[in-house]
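Enquirer:
Numbering (our numbering), first residue to last: 256 to 734.
1. Using the beta-carbon count (16 or more within 10 Å), is residue 373 buried or exposed?
2. For residue 433, I'd like the list of residues in its chain whose CB is within less than 8 Å of its CB, leaving aside the five on either flank, ordered along the chain.
3. Roughly how many whole angstroms lie between the Cα atoms of residue 563 and residue 592?
4. In terms of residue numbering, what span does the alpha helix (DSSP H) encompassing residue 273 cover?
5. So residue 440 and residue 406 are supposed to be a Cβ contact under 8 Å. How far apart are they, rounded?
6. Please name the residue in 362, 368, 408 and 470 whose C-alpha comes closest to that of residue 426.
7. DSSP three-state label for residue 247, please.
8. What are the complete alpha helix (DSSP H) segments, minimum 4 residues, inside the region 275-341?
9. Would a C-beta distance cut-off of 8 Å place residue 626 and residue 583 closer than the cut-off?
10. Comparing C-alpha positions only, which one of 707, 705, 720 and 724 sits nearest to residue 713?
11. Which of the three DSSP states, helix, strand or coil, is assigned to residue 560?
12. What residues are listed by DSSP as bridge partners for residue 672?
13. At 4 residues or longer, and completely inside the region 394-440: list those alpha helix (DSSP H) runs for me, N to C.
14. Just mark residue 408 as buried or exposed, buried being the case when its beta carbon has 16 or more other beta carbons within 10 Å.
15. Let me check understanding here. Comparing Cα to Cα, which of 352, 548 and 689 lies closest to residue 443?
16. How should residue 338 be labelled, buried or exposed, when 16 other C-beta atoms within 10 angstroms of its C-beta is the threshold for buried?
17. Taking the continuous alpha helix (DSSP H) assigned at residue 717, which residues delimit it?
18. Per DSSP, which one or two residues make a beta bridge with residue 599?
19. Residue 474 and residue 501 - do their beta-carbons sit closer together than 8 Å?
20. How would you write the range of the beta strand (DSSP E) that residue 467 sits in, first residue to last?
21. Quick one: residues in its chain with C-beta nearer than 7 Å to the C-beta of residue 294, no 5 flanking neighbours on either side, listed in chain order?
22. Does residue 380 come out as helix, strand or coil in the three-state DSSP assignment?
23. Taking Cβ positions, are residue 225 and residue 357 nearer each other than 8 Å?
24. Identify, in the order they occur along the chain, each residue of the same chain with its Cβ nearer than 7 Å to the Cβ of residue 399, setting aside the five sequence neighbours on each side.
25. Consult DSSP for residue 581 and reduce its assignment to one of helix, strand or coil.
26. Which value, in whole angstroms, describes the spacing of the CA atoms of residue 265 and residue 273?
27. Mapping DSSP to helix, strand and coil, what is residue 206?
28. Does the distance from the C-beta atom of residue 451 to that of residue 520 stay below 8 Å?
29. Using the C-alpha atoms, what's the distance from residue 668 back to residue 395?
30. How close, in whole Å, do the beta carbons of residue 609 and residue 550 come, if the pair is a contact with beta carbons under 8 Å?
31. Identify every residue that forms a DSSP beta bridge with residue 366.
32. Select from 466, 284 and 299 the residue whose C-alpha is nearest the C-alpha of residue 263.
33. Quick check: the region 573-590 against the region 530-539, are at least 3 beta-carbon pairs closer than 8 Å?
34. Give the secondary structure of residue 457 by DSSP, where H, G and I count as helix, E and B as strand, and everything else as coil.
35. Alpha carbon to alpha carbon, how far is residue 635 from residue 697?
36. Report the residue ranges of all beta strand (DSSP E) runs contained in full by the region 653-700; include only those spanning at least 3 residues, in chain order.
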């Protein structure tokens, strides 16, 4: 505390068991005071690092899972057959929004006013009320424009902290997390590990498919963290067991396969996880579309034709694939072309993505071009749709080729944008987005473009280098 008092402008220091807040007349003074105090916290439980997280995922995958979805008889399809199996893994991913967590609070006359960027005003209101013992009727939330979020502003920690500070100090307070704190205390996109097995027929058709996915039960975590006051949700969670449909969302193949099964293997990694733009689709699409590319090569079939042939009459997704291939000058994904393709369906919309990529100096992954074809039904505002798709493509690309968050000694290691290895403006590829006219009901687009980017890049790198990457992020040195 003495170190903070020496900083000009510091007015108060507020502490509790879980956090320390420096209060000053400027953000710079408050942040400098917090650094000067250098508070230390006790961590409980086992030691968490990248190795322990990887080991937890592997152990979960090797343990029995819970069947989430099934059609046909996979066991019969696999019996006495030659099978193809591959393992894939993705790491934790931060939200890394432009704006860090922030909230402004004022408690006056028994009424709390909150001004904050939030994706869930009702949850923020409930959390703030519970934090200082008010009824929810006494809390007014003023939702502000969000400087990015990607799921991070579903969380309510900042709302509760601002409420406590406003009550403790009896004055209006603006709370702003530093970039380092934002990354340290993020509710990351969960890591996952998958083992996918398939049986191919004589003509290369997929006759059976099983996806075993080890991942934290993030859906249950979200419900316990954000909906703890809802008795109905609490009761439902107690009956759900350890499996979690949210954790394997998007794993059901879009292709016509007579027998498939999706299993969830819950993993306890010791790190809180949360919703991240596109949720589990961000990794299940990577597993599916990379494995499908591998099967196409084993079948001796060009990857685009293989996909269209397996769609079983899904004309909308087939048109997305053919459109992206035509616009992108698809060369068949042959060796040396540096071209990869992937597709995905999500919330009533369909997308195909073609990527051109190469491995540059220092084994760094470079994405040169992205072409996307989208069928999202009727487009009320095509310009906004294109903006959402472009943003999603870049967001997915950044997560695919960035350096990742990294964990060591129970703490996230990246504390700045620079440490995350995110692509910069100069790294932005040429992007083409084609919206396919449709009279179908409008579908979602805000998260649609994120899932297929990573597998398209991985498939492009396979064509460029001859090596198959099965781990995200596709960081420098992994090729």
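A virtual CB, placed ideally from N, CA and C, is assigned to each residue, including glycine.
Expert: From the atom records:
1. For the purposes of this step, residue 373 is taken as the residue at position 118 of the chain shown. It is buried - the Cβ of residue 373 has at least 16 other Cβ atoms within 10 Å.
2. Counting from 1 along the chain shown, the entry for residue 433 is found at position 178. Taking residue 433 as the centre and dropping the five residues before and after it, the same chain places the C-beta of 286, 289 and 355 closer than 8 Å to its C-beta, in chain order.
3. For the purposes of this step, residue 563 is taken as the residue at position 308 of the chain shown. For the purposes of this step, residue 592 is taken as the residue at position 337 of the chain shown. Distance between residue 563 and residue 592, taken at the CA atoms: about 20 Å.
4. Numbered from 1 along the chain shown, position 18 holds the residue referred to as residue 273. From DSSP, residue 273 is part of no alpha helix (DSSP H); its letter is neither H nor E.
5. Start at 1 with the first residue of the chain shown, and residue 440 comes out as number 185. Start at 1 with the first residue of the chain shown, and residue 406 comes out as number 151. In this structure residue 440 is not in contact with residue 406, their Cβ atoms being roughly 15 Å apart against a cut-off of 8 Å.
6. Counted from its first residue, the chain shown places residue 426 at position 171. Looking at the Cα atoms, 362 is the closest of the given residues.
7. What is shown of the chain runs 256 to 734, which leaves residue 247 out entirely.
8. Runs of the alpha helix (DSSP H) inside the region 275-341: 282-292, 305-317 and 329-333.
9. Indexing the chain shown from 1 puts residue 626 at position 371. Indexing the chain shown from 1 puts residue 583 at position 328. If you check the CB distance, residue 626 and residue 583 come in under 8 Å.
10. Working through the chain shown from its first residue, we reach residue 713 at position 458. By alpha-carbon distance to residue 713, the top candidate from 707, 705, 720 and 724 is 724.
11. Locating residue 560 in the chain shown gives position 305, where the first residue counts as 1. Three-state DSSP puts residue 560 in a helix.
12. Counting from 1 along the chain shown, the entry for residue 672 is found at position 417. Partner(s): none; residue 672 has no beta bridge.
13. Runs found: 412-424 and 434-439.
14. Here the question's residue 408 lines up with position 153 in the chain shown. Here residue 408 is buried, its C-beta having at least 16 other C-beta atoms within 10 Å.
15. In the chain shown, counting from the first residue as 1, residue 443 sits at position 188. Its Cα nearest to that of residue 443, the residue 352 stands out among 352, 548 and 689.
16. The sequence position of residue 338 within the chain shown is 83, counting from 1. Around the C-beta of residue 338, fewer than 16 other C-beta atoms lie within 10 Å, and the residue is accordingly described as exposed.
17. Counted from its first residue, the chain shown places residue 717 at position 462. First-last of the alpha helix (DSSP H) with residue 717: 705-720.
18. Working through the chain shown from its first residue, we reach residue 599 at position 344. The secondary-structure analysis by DSSP pairs residue 599 across a beta bridge with 606.
19. For the purposes of this step, residue 501 is taken as residue 246 along the chain shown, with counting starting at 1. For the purposes of this step, residue 474 is taken as residue 219 along the chain shown, with counting starting at 1. Yes; because the gap between Cβ atoms is below 8 Å, this pair is in contact.
20. Counting from one through the chain shown, the residue named residue 467 turns up at place 212. According to the DSSP assignment, residue 467 belongs to the beta strand (DSSP E) that extends over 461-470.
21. Numbered from 1 along the chain shown, position 39 holds the residue referred to as residue 294. When the five nearest sequence neighbours on each side are left out, the beta carbons in the same chain lying within less than 7 Å of the beta carbon of residue 294 are those of 275, in order along the chain.
22. Sequence index remark: in the chain shown, residue 380 carries index 125 (1-based). Residue 380 falls in the helix class under three-state DSSP.
23. Residue 225 lies beyond the stretch modelled for the chain, which goes from 256 to 734, so this question has no answer here.
24. The count along the chain shown starts at 1 and reaches residue 399 at position 144. Exclusion of the five residues before and after residue 399 leaves 370, 371 and 372 as the residues of its chain whose Cβ lies within less than 7 Å of its Cβ.
25. Indexing the chain shown from 1 puts residue 581 at position 326. Residue state, collapsed to three classes: helix.
26. The residue labelled residue 265 in the question sits at position 10 within the chain shown. The residue labelled residue 273 in the question sits at position 18 within the chain shown. The C-alpha of residue 265 lies about 21 Å from the C-alpha of residue 273.
27. For residue 206 there is no data in the structure shown, the boundaries of the chain being 256 and 734.
28. The count along the chain shown starts at 1 and reaches residue 451 at position 196. The count along the chain shown starts at 1 and reaches residue 520 at position 265. In this structure, residue 451 sits away from residue 520, with a CB-CB distance that is not shorter than 8 Å.
29. Walking along the chain shown from the start, residue 395 turns up at place 140. Walking along the chain shown from the start, residue 668 turns up at place 413. Each residue's alpha carbon lies about 36 Å from the other.
30. Mapped onto the chain shown, residue 609 falls at position 354. Mapped onto the chain shown, residue 550 falls at position 295. Between residue 550 and residue 609 the Cβ distance is about 19 Å, and since that is not below 8 Å, they are no contact.
31. Taking the first residue of the chain shown as position 1, residue 366 is located at position 111. In DSSP, residue 366 forms a bridge with 363.
32. Here residue 263 corresponds to residue number 8 of the chain shown, with the count starting at 1. Among 466, 284 and 299, the Cα nearest to that of residue 263 belongs to 284.
33. Touching, no, given that fewer than three Cβ pairs across the two stretches are closer than 8 Å.
34. On the chain shown, residue 457 is found 202 positions in, with the first residue counted as 1. Secondary structure of residue 457 (DSSP, three-state): coil.
35. Position 380 of the chain shown holds residue 635. Position 442 of the chain shown holds residue 697. Here the alpha carbons of residue 697 and residue 635 stand approximately 8 Å from one another.
36. Here the runs fully enclosed are 685-690.
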